[in-house]
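Colleague: After the structure tokens below, expect a handful of questions from me.
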Amino acid sequence: MSWAGWSFKWYYALFQNPLLMRGFMVSIKIASLSATFAMILGTLCASQWGRNKSAHPHLVWMASLSLVIPEIVMGLALLLFWVAIMKIFPQLTRGFWSIFVAHTTLGTAYVTAIVRSRIVSIDPALSEAAMDLGARPYKVFLAIKLPLLMPALASGWLLAFILSFDDVVLASFTSGPGYTTLPLVIFSYLKIGYTPQINALGSLIILTISLLMAGIWYIIYRRGSSFEA
1 MSWAGWSFKW YYALFQNPLL MRGFMVSIKI ASLSATFAMI LGTLCASQWG
51 RNKSAHPHLV WMASLSLVIP EIVMGLALLL FWVAIMKIFP QLTRGFWSIF
101 VAHTTLGTAY VTAIVRSRIV SIDPALSEAA MDLGARPYKV FLAIKLPLLM
151 PALASGWLLA FILSFDDVVL ASFTSGPGYT TLPLVIFSYL KIGYTPQINA
201 LGSLIILTIS LLMAGIWYII YRRGSSFEA
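Take 1 as the starting number for the sequence shown in the UniProt record's numbering and just add one per residue.
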């Protein structure tokens, strides 16, 4: 195959492909929601883990379980879990919510590990001093802990988003008709034949994620500089 010069032909064809566009929108929606819920659940778990010493053995085991279990085993377990749920609630089917639960479960473990490492590095004297001055617990969290946790929260959210957006194994077990994620669509295309639209899509994904990471790290850098000042 000879090179015919620069062209936006395959980018245009990509945006005219309904299967790829639908898979992209499904993946963006699921990744955004699952990353947000994983950030919330992971932060709650990490906060309890860092504060309650007696809860360490149980929380360490629960938080680390998804990190050490192979994804194919986790996917099979979630499939069996969802089959049992559908027997109780026949109106539920595999699709958006089954993939959402799977990706949230996976992302929560990573967020917990990231946020917990940040929590243990925060000097407890800061919170104690604020409470001595009359600040209520929620005010201490919003004014002191949350700004210090923002880099870890942003990193955890971004990692959970990328894990969800890139996942193939869990989505293979939990997806249903009408809810096929982008990696599964790409995998199907590669099995039936190569198309340059996949190259165009890959370049756009790399560019988007690179810009997103650069933006997040710029915000973190600016926030860190303001704290140092």
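Beta carbons are placed, not taken as given, at the ideal position from N, Cα and C, and that holds for glycine.
Which residue's Cα is closest to the Cα of G23: Y189, L153 and A109?
Modeller: Of the listed residues, the one whose Cα sits closest to G23 is Y189.
Colleague: When we look at the beta-carbon of A229 and count the other beta-carbons within 10 Å, is it buried (16 or more) or exposed?
Modeller: In this predicted model, A229 has a pLDDT of only 48, less than 50, meaning its place in the structure is not dependable; the value taken from the coordinates is given anyway. Residue burial is scored here from C-beta neighbours: A229 has fewer than 16 other C-beta atoms within 10 angstroms and is therefore classed as exposed.
Colleague: Rounded to whole angstroms, what's the CA-CA distance from V68 to W61? Just pull it up for me.
Modeller: 10 Å
Colleague: On a Cα-Cα basis, can you pick out the residue from K191, L159 and A77 that is closest to L170?
Modeller: Each of K191, L159 and A77 was checked against the Cα of L170, and the nearest Cα belongs to A77.
Colleague: In whole angstroms, give me the CA-to-CA distance for R219 and P183.
Modeller: Note on residue identity: the sequence assigns Ile, not Arg, to residue 219. So the two alpha carbons sit approximately 29 Å from each other.
Colleague: When you compare only the Cα positions, how much space is there between L92 and W82?
Modeller: Rounded to the nearest whole angstrom, the CA to CA distance from L92 to W82 is 9 Å.
Colleague: In this structure, how does DSSP classify L20 when only helix, strand and coil are distinguished?
Modeller: helix
Colleague: Out of curiosity, what's the CA-to-CA distance linking S66 and S7?
Modeller: Annotation: S66 to S7 spans about 44 Å, alpha carbon to alpha carbon.
Colleague: Beta-carbon within less than 6 Å of Y11's beta-carbon, same chain only, minus the 5 sequence neighbours each way: which residues are those?
Modeller: A200
Colleague: Sort out for me which residues DSSP pairs G156 with in a bridge.
Modeller: Its beta-bridge partners do not exist; DSSP assigns none.
Colleague: Which value, in whole angstroms, describes the spacing of the CA atoms of T36 and M213?
Modeller: 16 Å
Colleague: Using a Cβ-Cβ cut-off of 7 Å (strictly less than) and excluding sequence neighbours within five positions of L33, which residues of its own chain qualify?
Modeller: F100
Colleague: To the nearest angstrom, how far is the alpha carbon of V185 from that of T112?
Modeller: 30 Å
Colleague: Does the beta-carbon distance from Q197 to L14 come in below 7 Å?
Modeller: yes
Colleague: Go ahead and pull the three-state DSSP assignment for G107.
Modeller: helix
Colleague: If contact is defined by three or more beta carbon pairs under 8 Å, each pair taking one atom from either stretch, is the stretch 172-181 in contact with the stretch 115-132?
Modeller: no
Colleague: Run through DSSP, which three-state label would Y194 get?
Modeller: coil
Colleague: If you follow the alpha helix (DSSP H) that D132 is part of, which residue opens it and which one closes it?
Modeller: It spans P124 to D132 - the alpha helix (DSSP H) in which D132 sits, taken as one unbroken run.
Colleague: Roughly how far, in whole angstroms, is the beta-carbon of T195 from the beta-carbon of I30, given that I think they are within contact range, below 8 Å?
Modeller: Rounded, the Cβ-Cβ distance is 24 Å, inconsistent with contact.
Colleague: Please state whether DSSP places residue 257 in a helix, a strand or coil.
Modeller: Beyond the ends of the chain as shown, which are 1 and 229, falls residue 257; an answer cannot be given.
Colleague: Quick one: residues in its chain with C-beta nearer than 6 Å to the C-beta of W157, no 5 flanking neighbours on either side, listed in chain order?
Modeller: A35 and M39
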